Amino acid sequence: MKAEQILGLLPHRYPFLLIDRVIELTDDKVVALKNVTFNEPHFQGHFPGVPVMPGVLQIEAMAQAGGILASRAIQFDPTTHVMLFMAIDKVKFRKAVTPGDQLRIEVVPLRKGKIFKMSGEITVDGNVVSSAEFLAGLAEKSKVQ
Numbered sequence: 051m052k053a054e055q056i057l058g059l060l061p062h063r064y065p066f067l068l069i070d071r072v073i074e075l076t077d078d079k080v081v082a083l084k085n086v087t088f089n090e091p092h093f094q095g096h097f098p099g100v101p102v103m104p105g106v107l108q109i110e111a112m113a114q115a116g117g118i119l120a121s122r123a124i125q126f127d128p129t130t131h132v133m134l135f136m137a138i139d140k141v142k143f144r145k146a147v148t149p150g151d152q153l154r155i156e157v158v159p160l161r162k163g164k165i166f167k168m169s170g171e172i173t174v175d176g177n178v179v180s181s182a183e184f185l186a187g188l189a190e191k192s193k194v195q
């Protein structure tokens, strides 16, 4: 799945779109890639001279991949509905992510339905850098305040 298709499924746009490409998508798994570049705005202040991708953005990348996965399980119009975080659990950061890394983001469903429970793991060069479980639910954009 290329950028145009991703943009059709996710409401996120630069600089907050954290999925560059989807390389595998089934009902039971999504694998996406994110190329981390020095030009990303968060590196200006996190941290000067020692650029590290914030962990919350890694979790967000997992959630965005999870949104793509959820779009296979339930049909919704991304112009009127959005998948929102509801909870994050069992978060672990094992290694710093720095410019030049390519994130391999794998998310699998633990429970499907109105509320999805998913498990995500990010690797760089085959090494786990972060992992988490999270809940996400579908909401009408007009009711999100």
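Take 51 as the starting number for the sequence shown in the working numbering and just add one per residue.
Yeah, the Cβ is synthetic: ideal placement off N, Cα and C, and Gly gets one too.
Only a predicted model underlies this, so the values are computations on that prediction, with no experimental measurement involved.
Beta-carbon proximity of residue i to residue j, cut-off 8 Å
i, j, result
"Val147", "Gln108", "yes"
"Leu119", "Val80", "yes"
"Ile73", "Lys84", "no"
"Lys162", "Leu185", "no"
"Arg154", "Ile138", "no"
"Gln114", "His62", "yes"
"Ser181", "Lys142", "yes"
"Leu59", "Pro128", "yes"
N- and C-terminal bounds of the beta strand (DSSP E) containing residue i
i, result
"Ser169", "Ile165 to Val174"
"Ile109", "Element bounds for Ile109: not the beta strand (DSSP E) but the alpha helix (DSSP H), Gly105 to Ala123."
Selected residue, minimal CA-CA separation from residue i, among the options
i, options, result
"Glu156", "Glu183, Leu188, Thr130 and Ile124", "Glu183"
"Gly116", "Gly187, Gly95 and Val100", "Gly187"
"Val100", "Tyr64, Thr129, Ile138 and Pro149", "Pro149"
"Leu33", "Gln55, Asp77, Pro128 and Pro98", "Since the displayed the chain opens at 51 and closes at 195, residue 33 lies outside it and no answer follows."
Boundaries of the alpha helix (DSSP H) in which residue i is found, first to last residue
i, result
"Leu59", "Ala53 to Leu59"
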